[in-house]
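Chemist: Protein chains in written order, with our numbering: chain H, 1 to 295; chain F, 1 to 133. Built from N, CA and C at the ideal position, the CB exists for glycine as well.
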């Protein structure tokens with residue numbers, strides 16, 4: 001492989017190495033593409049039943065619906081501390097700010113209520129949009145609404161979109177998660193992509209989401225108890241004591257990826273939206289209870 | 001001169017000449033060796049430059065492949081960035097060292113991506129007996 005050095009010190013590759021690079025990239029791209037379209041062994045409803053049965057066995061005596069509270073469903077000490085924090089919930093300010101944002105007129109004079117009615121709509125998300133052939137999350141819908149009314153989309157890692165969704169989550173408390181079963185081929189592909197992501201080991205620590213939240217659920221990882229995945233999506237956005245702020249579900253996904261030494265994906269990337277789609281589907285039947293507080 | 005000629009045997013004079021010759025020769029060799037060391041160092045520096053660039057390029061290709069596969073490791077990215085920084089600052093030995101480590105990490109992450117193509121399917125809880133399919 002011959003290499004040329006540009007005058008500015010940057011490195012340029014000779015054609016041979018460029019071709020070799022493309023071949024390598026193509027090979028692994030192909031490999032990933034094949035993996036993405038790999039058929040799942042079970043239908044989504046069978047997956048959901050399998051997960052429920054797994055947690056019923058592992059946490060015997062704890063109702064499935066209780067997992068909406070994460071580790072507080074089975075860690076009594078942590079639950080007591082959490083309930084005390086709920087006396088003066090630190091997410092309240094974010095909800096109030098979200099309400100203000102919700103009612104500020106958009107560029108054409110419309111407000112978010114023109115898109116979302118009274119705002120109690122969180123249980124409608126995520127869903128698979130057959131026309132667009134992609135998973136639509138609440139955050140994506142908020143930016144769609146802004147574009148329709150002449151506004152620039154909000155950055156997904158910014159405070160405004162998190163506060164808006166915190167307000168919507170607050171209005172939607174008590175609604176039951178009821179994602180329609182993926183039936184069409186593209187919807188099933190998105191669901192299976194999320195399921196594959198959830199079950200695939202990644203990062204230098206070689207951990208899958210399922211390593212902690214299926215195989216080791218209920219056990220301790222250093223000082224922390226590991227929660228069940230049912231209910232993982234019910235309480236977002238969440239005020240994390242670690243963040244000292246309200247943050248999104250995808251921010252948490254990214255943090256989990258970083259914790260195992262993997263490069264995280266962007267918030268609202270197809271990977272994380274498909275993961276959210278899968279996790280929300282298997283949590284069908286649980287009530288929404290966001291925003292919440294977590295460590 | 002006569003005195004010298006008488007007192008110093010011919011053999012001794014020859015030995016002295018030989019020793020002086022050897023000493024001069026050694027000095028000459030030493031000078032030559034120093035010259036070749038300098039020349040070799042210049043060549044090595046040149047090689048290091050190329051080797052460092054090759055190593056960084058290889059690490060870049062492998063890291064991009066792992067990103068494309070969706071299995072990039074954060075540490076590989078950090079090592080690659082350090083290697084690029086070292087290369088730009090002319091610290092070729094560090095650049096090579098860091099780039100090779102980045103390549104090794106990226107290679108392992110690609111092996112992980114390949115293994116996970118089928119391994120993930122075995123990790124999901126199995127449907128309970130009697131559950132609807």
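Can you find a C-beta in chain H that's less than 9 Å from the C-beta of residue 123(F)?
Modeler: Counting from 1 along the second chain, the entry for residue 123(F) is found at position 123. Yes, because at least one Cβ of chain H sits closer than 9 Å to the Cβ of residue 123(F).
Chemist: Which two residues bound the contiguous alpha helix (DSSP H) that contains residue 101(H)?
Modeler: By one-based count along the first chain, residue 101(H) stands at place 101. 92 to 103 is the span of the alpha helix (DSSP H), which, as asked, contains residue 101(H).
Chemist: From 48(F), 117(F), 113(F), 104(F), pick the residue whose C-alpha is nearest to that of residue 75(F); which is it?
Modeler: Here residue 75(F) refers to the residue found at position 75 of the second chain. Among 48(F), 117(F), 113(F), 104(F), the Cα nearest to that of residue 75(F) belongs to 104(F).
Chemist: Quick check on residue 101(F) - is its C-beta less than 9 Å from some C-beta in chain H?
Modeler: Here residue 101(F) refers to the residue found at position 101 of the second chain. For residue 101(F), the answer is no, since every Cβ of chain H falls outside 9 Å of its Cβ.
Chemist: Name, please, each residue of chain H whose Cβ falls closer than 8 Å to the Cβ of residue 67(F).
Modeler: Residue mapping note: residue 67(F) aligns to position 67 of the second chain, counting from 1. Under the 8 Å cutoff, chain H gives 263.
Chemist: When the Cα of residue 144(H) is compared with those of 181(H), 112(H), 158(H), which residue comes out closest?
Modeler: Reading the first chain from its first residue, position 144 is the one you call residue 144(H). Cα-wise, what sits closest to residue 144(H) is 112(H).
Chemist: Sorted by chain position, which residues of the same chain lie with C-beta nearer than 6 Å to residue 294(H)'s C-beta, five sequence neighbours on each side aside?
Modeler: Counting from 1 along the first chain, the entry for residue 294(H) is found at position 294. Correct list, in chain order: 238, 240.
Chemist: Is residue 78(H) helix, strand or coil when you go by DSSP?
Modeler: Start at 1 with the first residue of the first chain, and residue 78(H) comes out as number 78. If DSSP states are grouped into helix, strand and coil, residue 78(H) belongs with the helices.
Chemist: Select from 281(H), 69(H), 81(H), 68(H) the residue whose C-alpha is nearest the C-alpha of residue 192(H).
Modeler: Looking up residue 192(H) in the first chain gives position 192. Comparing Cα-Cα distances from residue 192(H) to each of 281(H), 69(H), 81(H), 68(H), the minimum goes to 281(H).
Chemist: Quick one: which chain H residues come within Cβ less than 7 Å of residue 116(F)?
Modeler: Counting from one through the second chain, the residue named residue 116(F) turns up at place 116. Ordered by position in chain H, the residues that pass the 7 Å Cβ test against residue 116(F) are 200, 201.
Chemist: Report, in whole angstroms, the separation of the C-beta atoms of residue 165(H) and residue 288(H), which I expect to be a contact under 8 Å.
Modeler: If you number the first chain from 1, residue 165(H) lands on position 165. If you number the first chain from 1, residue 288(H) lands on position 288. Incorrect: roughly 12 Å between the Cβ atoms, too far for contact.
Chemist: Strictly under 9 Å for the Cβ-Cβ distance: is residue 112(F) near chain A by that measure?
Modeler: Note that chain A does not occur in the displayed structure, where the protein chains are H and F.
Chemist: Would you list the residues sitting across from residue 52(H) in a DSSP beta bridge?
Modeler: The residue labelled residue 52(H) in the question sits at position 52 within the first chain. None, per the DSSP bridge assignment.
Chemist: Cβ of residue 250(H) less than 9 Å from any chain F Cβ?
Modeler: In the first chain, residue 250(H) corresponds to position 250, counting from 1. Chain F contact via Cβ: absent.
Chemist: Does the segment 70 to 84 of chain H come close enough to the segment 131 to 140 of chain H to have 3 or more Cβ pairs within less than 8 Å?
Modeler: Output reads no: the segment 131 to 140 of chain H does not touch the segment 70 to 84 of chain H.
Chemist: Report the residues of the segment 202 to 217 of chain H with a CB closer than 9 Å to any CB of chain F, ordered along the chain.
Modeler: Answer set for the segment 202 to 217 of chain H: 202, 203, 204, 206, 208, 210, 211, 214, 215.
Chemist: To the nearest angstrom, how far is the alpha carbon of residue 50(H) from that of residue 178(H)?
Modeler: In the first chain, the residue the question calls residue 50(H) occupies position 50. In the first chain, the residue the question calls residue 178(H) occupies position 178. About 17 Å.
Chemist: Should residue 88(H) go down as buried or exposed, given a rule of 16 or more other Cβ atoms within 10 Å for buried?
Modeler: Counted from its first residue, the first chain places residue 88(H) at position 88. Exposed, because fewer than 16 other Cβ atoms sit within 10 Å of the Cβ of residue 88(H).
Chemist: Are the beta-carbon atoms of residue 114(H) and residue 67(H) separated by less than 9 Å?
Modeler: Stepping through the first chain from its first residue, residue 114(H) is reached at position 114. Stepping through the first chain from its first residue, residue 67(H) is reached at position 67. No. Outside cutoff.
Chemist: If you draw a straight line from the alpha carbon of residue 57(F) to that of residue 85(F), how long is it in whole angstroms?
Modeler: Working through the second chain from its first residue, we reach residue 57(F) at position 57. Working through the second chain from its first residue, we reach residue 85(F) at position 85. Approximately 13 Å between the Cα atoms of the pair.
Chemist: According to DSSP, is residue 120(F) part of a helix, a strand, or is it coil?
Modeler: Taking the first residue of the second chain as 1, we reach residue 120(F) at position 120. Correct three-state label for residue 120(F): helix.
Chemist: In whole angstroms, what separates the C-alpha of residue 269(H) from that of residue 109(F)?
Modeler: For the purposes of this step, residue 269(H) is taken as residue 269 along the first chain, with counting starting at 1. For the purposes of this step, residue 109(F) is taken as residue 109 along the second chain, with counting starting at 1. Going by the C-alpha atoms only, they are around 21 Å apart.
Chemist: Write down every uninterrupted run of the alpha helix (DSSP H) in the segment 170 to 248 of chain H whose length is 4 residues or greater and which is fully enclosed by it, in chain order.
Modeler: Entirely contained in the segment 170 to 248 of chain H, the alpha helix (DSSP H) runs reaching 4 residues are, in chain order, 185 to 199.
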